[in-house]
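Visitor: I have a structure I would like to understand better, so I am pasting it below and will then ask my questions one at a time.
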Amino acid sequence: MSIIKLKEIENSSENPVYAQLGALLQELEKKTLSDEVVRSINQDIEELNSTSASGSSLEKLAKQKQTNIVKLVEKHHKIVPQNYYRNIWLAVGMSAIGLPIGTLFGLLMGNMALLAIGLPIGMGIGVVVGTNMDKKAAAEGRQLDIELKH
Numbered sequence: 058m059s060i061i062k063l064k065e066i067e068n069s070s071e072n073p074v075y076a077q078l079g080a081l082l083q084e085l086e087k088k089t090l091s092d093e094v095v096r097s098i099n100q101d102i103e104e105l106n107s108t109s110a111s112g113s114s115l116e117k118l119a120k121q122k123q124t125n126i127v128k129l130v131e132k133h134h135k136i137v138p139q140n141y142y143r144n145i146w147l148a149v150g151m152s153a154i155g156l157p158i159g160t161l162f163g164l165l166m167g168n169m170a171l172l173a174i175g176l177p178i179g180m181g182i183g184v185v186v187g188t189n190m191d192k193k194a195a196a197e198g199r200q201l202d203i204e205l206k207h
């Protein structure tokens, strides 16, 4: 079973998310995916191809479908785009690691304004963890040759 093509739209250069989704689908065609995953991807693409939306509403729908596809492929096959884990762990590091560290600093020093000190510390830890996971995915051949920027 193969992934269906994304319908060409006029002024695709004005919609970078739509163009990026097309590139993502081309990269996914190079990988071996289960029929269940391909069926789900095709369903999302058919819905996107049949929509009459344009402009920002098309961009929003394309972004939603792109996110769904990336999460689906990551869940079932552990295949991810470049810097996927880094981007996720950056936020996790700031919120789950940085805020508690900042709160600890603030409580120990008696000044809760020091809460912000933990954010860059957590961000740094998150980036290191995510980058290592991305390197591992690349070494195992589970990384797509595309970085999602939109």
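The sequence shown runs 58 to 207 under our numbering. Using N, Cα and C, we set each Cβ at its ideal position, and we do this for glycine too.
Taking the straight line between their C-alpha atoms, what separation do you get for Asn140 and Asp191?
Guide: So the alpha carbons of these two residues sit roughly 6 Å apart.
Visitor: Spatial neighbours of Leu161 within its chain, please: C-beta separation below 8 Å, excluding the five flanking residues on both sides.
Guide: Excluding residues within five positions, the ones whose Cβ falls inside 8 Å are Gly175.
Visitor: Counting pairs of beta carbons, one from the stretch 192-202 and one from the stretch 161-173, are three or more of them closer than 8 Å?
Guide: No: fewer than three Cβ pairs fall under 8 Å.
Visitor: With DSSP run on the structure shown, which of helix, strand or coil describes Gln139?
Guide: Gln139 falls in the coil class under three-state DSSP.
Visitor: Where DSSP assigns a beta bridge to Gln200, which residues make up the other side?
Guide: For Gln200, which the question treats as bridged, DSSP gives the partners Val137.
Visitor: Under a three-way DSSP split, which group does Leu90 fall into?
Guide: Of the three classes helix, strand and coil, the one that applies to Leu90 here is coil, per DSSP.
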